[in-house]
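First residue of the sequence shown? That's 52 in my numbering, and the numbers climb one at a time after it.
Quick reminder that beta carbons are idealized off the backbone N, C-alpha and C, glycines included.
A quick write-up on the structure given underneath.
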Amino acid sequence: MKKQQLTANHWGAGVSQFENGELAGVGPHSGDPDPSRINENISSSLKGSARVLKPSVRKSYLENGPTNNNAKRGEEHFVEVSWEKAFELIADEINRVRTDYGNQSIYAGSYGWASAGRLHHAQSQLKRFLNCLGGSVRSQGNYSYNAALVLMPHIVGDFREHVKHITRWSTVAKEGELVVMFGGIPLRNTQVSGGGVGKHRLRDDFMACVNAGVKFVNLSPLKTDAIEALNAEWFAPRPGSDTAIMMGLAHTLYIEGLHDQAFLEKYTGGFDKFLAYLLGEVDGIVKDADWAQEQSEIPAERIRSLAREMASKRTLITTAVSLQRADYGEQPLWMTLTLASMLGQIGLPGGGYGIGYGADSTIGTSDRPFRWSVFPQGKNAVEDYLPVAMVSEMLLKPNEPYQYNGMARNFPDIKLVWWAGGNPFHHHQDLNRMRDAFQRPETIIINEINWTATAKHADIVLPVASTMERNDFGAGHQDNSLVPMPKAMEPMGEAREEYEIYCELASRFGVDEAFSEGVNSSQRLESMWDELKEIAKPHGYELPQLNEFLEGDMITFDDPAPETVFLSEFREDPTLNPLKTPSGKIELFSKLLLVLSMAIAPIMQLGCLLENGLEAIMRSNIRFT
Ligand SMILES: Nc1nc2c(c(=O)[nH]1)N[C@H]1C(S)=C(S)[C@@H](COP(=O)(O)OP(=O)(O)OC[C@H]3O[C@@H](n4cnc5c(=O)[nH]c(N)nc54)[C@H](O)[C@@H]3O)O[C@H]1N2
Ligand SMILES: Nc1nc2c(c(=O)[nH]1)N[C@H]1C(S)=C(S)[C@@H](COP(=O)(O)OP(=O)(O)OC[C@H]3O[C@@H](n4cnc5c(=O)[nH]c(N)nc54)[C@H](O)[C@@H]3O)O[C@H]1N2
Ligand SMILES: [Mo]
52 MKKQQLTANH WGAGVSQFEN GELAGVGPHS GDPDPSRINE NISSSLKGSA
102 RVLKPSVRKS YLENGPTNNN AKRGEEHFVE VSWEKAFELI ADEINRVRTD
152 YGNQSIYAGS YGWASAGRLH HAQSQLKRFL NCLGGSVRSQ GNYSYNAALV
202 LMPHIVGDFR EHVKHITRWS TVAKEGELVV MFGGIPLRNT QVSGGGVGKH
252 RLRDDFMACV NAGVKFVNLS PLKTDAIEAL NAEWFAPRPG SDTAIMMGLA
302 HTLYIEGLHD QAFLEKYTGG FDKFLAYLLG EVDGIVKDAD WAQEQSEIPA
352 ERIRSLAREM ASKRTLITTA VSLQRADYGE QPLWMTLTLA SMLGQIGLPG
402 GGYGIGYGAD STIGTSDRPF RWSVFPQGKN AVEDYLPVAM VSEMLLKPNE
452 PYQYNGMARN FPDIKLVWWA GGNPFHHHQD LNRMRDAFQR PETIIINEIN
502 WTATAKHADI VLPVASTMER NDFGAGHQDN SLVPMPKAME PMGEAREEYE
552 IYCELASRFG VDEAFSEGVN SSQRLESMWD ELKEIAKPHG YELPQLNEFL
602 EGDMITFDDP APETVFLSEF REDPTLNPLK TPSGKIELFS KLLLVLSMAI
652 APIMQLGCLL ENGLEAIMRS NIRFT
């Protein structure tokens, strides 16, 4: 029997289980109050039937080399080759593409969750390697909440900061009375957190709210978007009708004089513009509760009574990011902000609004005590980037114009795609179009653990080691645990650590010193750990030596800010602590967005849309992909 050995995944800390000295599975960690069962799937993956076991090259690519006729991608067989052959093919191809077209024709956006582990982070490794060679086109944003990432800075501030400083559930339990959830807060999604999670706390936090008498309302097509224990009142609105419901609520608040005029005046701008739209002065349509019922199928009477209830209680409005992962995804976001502004509770404990609860186990439950050390990516000499979800358009329309966040831009002309740590054939919209798009580049390289659909659409597939096959440490970006990830088995087949793969390739380009700085992956892990020890010291933490840590248990730190209340400083003093918006206030109407949308689509915007900001943006051509 080996002694207890830990590992970390995006879905939690686990304990490696060995049979006859061999890894047989991963079990839950006893220190986690609500462990995910996803780890149970690991035992079946250990059989390796889906693993990429050897470097593999698509048959006609191997025979004919790169061409621009790749109709057979995704259909053809692969031929296993030696690592030597794979390195030779890749080095020759990178040289050719860089010489003929330049680094701006290499796309390494590589969107995806990869695996937990601070050192062996697939994208960072790939980017560091390509940066040593002059860089590549990167991706910007994420699939999770890209409309929010683009919109929110214009109207309230940086969205990543927003998620980080969202009001804690512990505060809601203490001060809150009512939580109105658009899209619910499905506990199933909070099994995961990017980079890992030591302790799943949300279920307990929810129970504390319930025990304190906080009432929950779940406006979501799925009843299960709120766990039973919340006893939530459930309404199933027509998907996509949330903005209308919020307007119905806003209308009742206004007509019945329940809105907080003082808050609107002190902390926001543009309410008059919104009001004209709400009251139908712009288009003849009054957005009252009856209108909202028509749009959403939620009874108008309940919309009215809910508005009164929200105004009379300490109320938190939560909006799931799923609502913005859609056409016109900016609408429910902006309307959440508008409705919460009318209630006037933004910045009060247990009140206001929060966008993104439930999209990650740490949102609203914890924060890290200090920054974690990272594997450095170096500097990318290519400035061009791609809004992450436009990958098909980019490949299908090289050099053609597109619009993004008020900018007129042009797609790069990509010849070589290299993906590591993501699976676009799992995550991208419209897969038939994606399949067409994936015929376009001259070469596609994928590093994968498994034969995913994306791997099957590549030319060169490199087999890489999984988390269980390398030493590392795990730490979720907003979690407060450090989890040891000692190697539990040798890499399957001929799989290798990506660090080692890039060291070998770097030496073929004479940039091995730049990539590795003369250290192997064990030494690099040591130096990242040493850096972390230095970061931890001023915060009063003395971390053990790396070896001792890898053999031991996870380390959980105190929550640095358990009392977080979103936008409380702004509320306290909006002059001293202005928002990072053009006016420093919440922008219920945005002149800037109106100008941007007009610059992009002047004909559409002129005439009817000049008077009202919200409508202008609803119809605007700004692309929030
Ligand atoms: N229909 C639909 N589509 C969606 C969504 C939806 O709700 N509905 N949600 C979207 C969202 S929000 C997201 S974030 C995306 C998620 O999309 P992805 O993050 O692309 O999804 P994963 O399947 O986790 O892909 C990770 C891949 O990385 C591989 N991998 C893991 N570790 C390593 C490693 O160390 N090295 C290498 N080279 N590879 C590794 C895994 O084998 C896996 O194939 O999906 C998006 N797509
Ligand atoms: N187990 C597990 N957890 C995960 C992930 C995973 O792959 N597996 N992925 C993670 C990632 S990458 C992300 S970004 C987050 C995503 O987090 P979210 O975007 O919050 O999650 P979703 O499950 O897409 O949507 C939540 C709920 O919104 C509801 N909904 C959808 N459309 C509408 C609508 O128009 N109106 C209303 N009112 N409700 C609607 C649906 O019923 C759905 O169950 O989850 C994370 N958590
Ligand atoms: Mo996501």
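Asked                                                                                                                                                             : Found
Taking TYR318 as the reference, give the member of ASN628, LEU329, PHE462 with the closest Cα.                                                                    : ASN628
For ILE586 and LEU309, what's the separation of their Cα atoms in angstroms?                                                                                      : 49 Å
Does DSSP put LEU204 in a helix, in a strand, or in coil?                                                                                                         : The identity of residue 204 in the sequence shown is Pro, whereas the question assumes Leu. DSSP places PRO204 in helix when its eight states are reduced to three.
Sort out for me which residues DSSP pairs ASN461 with in a bridge.                                                                                                : PRO452
Report the residue from ARG239, GLU228, ALA75, PRO288 whose alpha carbon sits nearest the alpha carbon of PHE267.                                                 : GLU228
State the CB to CB distance for the pair LYS538 and ARG521, rounded to an integer number of angstroms; the pair is presumed to be in contact (CB under 8 Å).      : 6 Å
Closest to GLY246 by CA distance: which of VAL201, ALA165, MET232 is it?                                                                                          : ALA165
With a threshold of 6 Å, establish whether the CB of SER195 neighbours any heavy atom of ligand 3.                                                                : yes
If we define contact as Cβ-Cβ less than 7 Å, is PRO475 a contact residue for chain D?                                                                             : Included in the structure is just one protein chain, with no chain D present.
Check whether the Cβ of PHE267 lies closer than 6 Å to any heavy atom of ligand 2, and answer yes or no.                                                          : no
Quick one, which of ASN193, ASN269, VAL534, GLU541 has its alpha-carbon nearest VAL439's?                                                                         : ASN193
Can you find the residues in the same chain that come closer than 8 Å, C-beta to C-beta, to ILE296, ignoring five residues on each side of it along the sequence? : PHE233, LEU270, PRO288, ALA343, GLN346, SER347, ILE349, ILE354
What span of residues does the alpha helix (DSSP H) with GLU585 cover, start to end?                                                                              : 572-587
Work out the CA separation of GLY457 and ILE654 for me, nearest whole Å.                                                                                          : Its pLDDT being 31, under 50, ILE654 is placed unreliably by the model, and the measurement read from it follows with that caveat. Cα to Cα, the separation comes out at about 15 Å.
What is the C-beta distance between SER107 and VAL66, in whole angstroms, given that I count them as a contact (C-beta under 8 Å)?                                : SER107 to VAL66, Cβ: 33 Å. No contact.
Per DSSP, ILE157 forms a beta bridge with which residues?                                                                                                         : LEU467
Is the stretch 205-212 touching the stretch 574-581, taking contact as three or more C-beta pairs under 8 Å?                                                      : no
How would you label MET169, buried or exposed, when you count the other beta carbons within 10 angstroms and need 16 or more for buried?                          : The question names Met, but residue 169 is Arg in the sequence shown. Buried is the call here.
Relative to the C-alpha of ASP293, which candidate in GLY335, ALA159, TRP385 has its C-alpha closest?                                                             : TRP385
Over what stretch of residues does the beta strand (DSSP E) that includes GLY403 continue unbroken?                                                               : 403-406
Can you tell me whether ASN431 is buried or exposed, with buried defined as 16 or more other CB within 10 angstroms of its CB?                                    : buried
The alpha helix (DSSP H) that contains GLN382, what's its start and end?                                                                                          : 381-394
Apart from the five residues just before and just after ALA516, which ones in its own chain have a Cβ nearer than 7 Å to its Cβ?                                  : PRO542, ALA546, ARG547, GLU548
How big is the Cα-Cα spacing for MET536 and TRP220?                                                                                                               : 30 Å
On the DSSP letters alone, give me the boundaries of the alpha helix (DSSP H) that LEU181 sits inside.                                                            : 173-183
Which value, in whole angstroms, describes the spacing of the CA atoms of GLU451 and ALA488?                                                                      : 14 Å
Looking at the strands, I want to know which residues DSSP matches up with THR150.                                                                                : Answer by DSSP bridge pairing: none, since THR150 is not bridged.
Is it right to say LYS123 is buried, meaning 16 or more other beta carbons lie within 10 angstroms of its own, or is it exposed?                                  : exposed
Can you tell me whether VAL442 is buried or exposed, with buried defined as 16 or more other CB within 10 angstroms of its CB?                                    : buried
Spell out a yes or no on whether the stretch 112-131 and the stretch 87-98 are touching, meaning 3 or more CB-CB pairs, one atom from each, closer than 8 Å.      : no
Mapping DSSP to helix, strand and coil, what is LYS274?                                                                                                           : helix
Does the Cβ of GLN574 have 16 or more other Cβ atoms within 10 Å, making it buried, or fewer, making it exposed?                                                  : exposed
Less than 7 Å separating the beta-carbons of ILE465 and ILE217?                                                                                                   : no
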